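Numbering (UniProt numbering), first residue to last: 1 to 187.
The beta-carbon is built from N, C-alpha and C at its ideal position, and this holds for glycine as well.
All values derive from a computational prediction rather than experimental measurement.
Contents: one structure, followed by commentary.
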């Protein structure tokens with residue numbers, strides 16, 4: 001649902017009309033992420049701006065993946081997405097920093113490492129309960145939010161309930177070695 005303060009007659013984009021003070025907080029293959037404040041309710045969000053060169057099907061898949069995730073305290077929350085003037089946007093919960101940046105800045109005590117492990121395990125258990133598999137769990141995709149850690153970046157989420165997901169899952173299981181270790185490759 002678009003913000004009620006958006007004016008279609010205004011030449012400025014939805015992003016320019018609704019958000020202010022964008023600060024770049026990250027970049028990746030698909031686009032850049034900005035921390036921006038909603039001008040009308042002062043809430044801070046993370047807004048992913050997809051590169052214009054990214055095909056619409058990839059943007060659509062990431063939006064659908066975020067919608068499938070739903071709401072969980074250990075998953076970065078999705079609010080909305082839109083396209084305008086050839087660019088795709090994804091509005092997400094803003095977190096303080098990534099685990100990568102956090103660990104570069106601070107010495108992380110063992111009890112915090114256990115907290116990270118517990119929070120991300122809860123996120124993965126939740127996703128797996130929905131037959132969703134996160135294929136890119138890494139420190140860059142684990143975000144710090146207050147005293148909690150959240151899993152984010154659901155662009156490569158794998159849905160085991162789709163026909164393609166069932167076929168890929170069967171292929172993965174065929175490559176499990178005799179000692180139980182999986183020789184997996186995702187294409």
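Terminal residues of the beta strand (DSSP E) in which residue i lies
{"i": "residue 66", "result": "Looking at the DSSP string, residue 66 is not in any beta strand (DSSP E); the run it does join, the alpha helix (DSSP H), is 56-69."}
{"i": "residue 90", "result": "87-93"}
{"i": "residue 84", "result": "78-84"}
{"i": "residue 34", "result": "31-38"}
{"i": "residue 145", "result": "142-145"}
{"i": "residue 45", "result": "44-50"}
Close beta carbons around residue i, own chain, < 6 Å, minus the five adjacent residues each side
{"i": "residue 156", "result": "135, 136"}
{"i": "residue 145", "result": "95"}
Contact set for residue i: own chain, Cβ-Cβ below 8 Å, skip 5 residues either direction
{"i": "residue 18", "result": "3, 5, 6, 38, 39, 40"}
{"i": "residue 66", "result": "78, 81, 90, 92, 154"}
{"i": "residue 161", "result": "131"}
Terminal residues of the alpha helix (DSSP H) in which residue i lies
{"i": "residue 111", "result": "110-129"}
{"i": "residue 104", "result": "99-105"}
{"i": "residue 14", "result": "14-18"}
Cβ neighbour criterion (16 or more within 10 Å) applied to residue i
{"i": "residue 42", "result": "exposed"}
{"i": "residue 10", "result": "exposed"}
{"i": "residue 138", "result": "exposed"}
{"i": "residue 106", "result": "exposed"}
{"i": "residue 111", "result": "exposed"}
{"i": "residue 8", "result": "exposed"}
{"i": "residue 129", "result": "exposed"}
{"i": "residue 120", "result": "buried"}
{"i": "residue 1", "result": "exposed"}
Nearest neighbour of residue i, chosen from the options [CA to CA]
{"i": "residue 102", "options": "131, 87, 132, 147", "result": "147"}
{"i": "residue 99", "options": "71, 118, 63, 151", "result": "151"}
{"i": "residue 23", "options": "83, 97, 161, 74", "result": "97"}
{"i": "residue 59", "options": "69, 36, 70, 86", "result": "86"}
{"i": "residue 26", "options": "141, 160, 131, 149", "result": "141"}
{"i": "residue 83", "options": "63, 68, 69", "result": "63"}
Sequence-distant residues of the same chain with beta carbon closer than 7 Å to residue i, five excluded per side
{"i": "residue 72", "result": "123, 126"}
Cβ of residue i within 9 Å of any chain D Cβ
{"i": "residue 4", "result": "Protein chain content of the structure displayed is limited to a single chain, and chain D is not contained in it."}
* Asked: Quick one: any contact between the region 46-55 and the region 30-38, if contact means 3 or more CB pairs under 8 Å?
  -> yes
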